[in-house]
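To keep things clear, I will list the structure first and then write my remarks on it.
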Amino acid sequence: MFLWTGTIGQRVFAMTPEYADQTAVLAANQGLYNGFLAIGLLWGAIRVSRDFMIFFLLCVIAAGIYGGLTAKISIIYIQAVPGLIALIAVIAARRKATA
């Protein structure tokens, strides 16, 4: 969101400065969306609402799969896989707590 047009954003996403400038508003929107996901996950963790965390983790996984299929396959590994690992951990913790 904030580093999109800088050298780090351009390097990570293999963009030219011109393309970074043209897509800056889109990137800001995506960054805001990701921020809301992070806040939702944090809220779920603080309130210990596993259903809330599961919902937001499924959102992260779905976005990662979509991004991987439509933009760059590595997004699946960067976003969806960590979300899946976290989802498995939340579900495993739920089962352990009820056992």
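If you read the sequence shown in my numbering, its first letter stands for residue 230, the second for the next number, and so on. Note that CB positions come from ideal geometry on N, CA and C, so glycine has one too. Every value quoted in this text rests on a predicted model; they were computed, and no experiment measured them.
Problem - Rounded Cβ spacing between Leu305 and Gly297 (contact assumed at less than 8 Å) - result: If you number the sequence shown from 1, residue 305 lands on position 76. If you number the sequence shown from 1, residue 297 lands on position 68. First, the residue type needs correcting, since residue 305 is Ile and not Leu in the sequence shown. Ile305 to Gly297, Cβ: 3 Å. Contact.
Practice task
Quick one: grab the DSSP three-state call for Thr299.
Solution key: On the sequence shown, residue 299 is found 70 positions in, with the first residue counted as 1. Residue state, collapsed to three classes: helix.
Problem - Buried versus exposed, by CB contacts within 10 Å (16 or more), Ala309 - result: Numbered from its first residue, the sequence shown carries residue 309 at position 80. Buried, by the Cβ-count rule.
Problem - Ala243 beta carbon less than 8 Å from that of Trp233 - result: Taking the sequence shown and counting its residues from 1, the one referred to as residue 233 is at position 4. Taking the sequence shown and counting its residues from 1, the one referred to as residue 243 is at position 14. No.
Problem - Counted within 10 angstroms of its Cβ, other Cβ atoms place Gly273 as buried (16 or more) or exposed - result: Working through the sequence shown from its first residue, we reach residue 273 at position 44. Gly273 is buried by the Cβ-count criterion.
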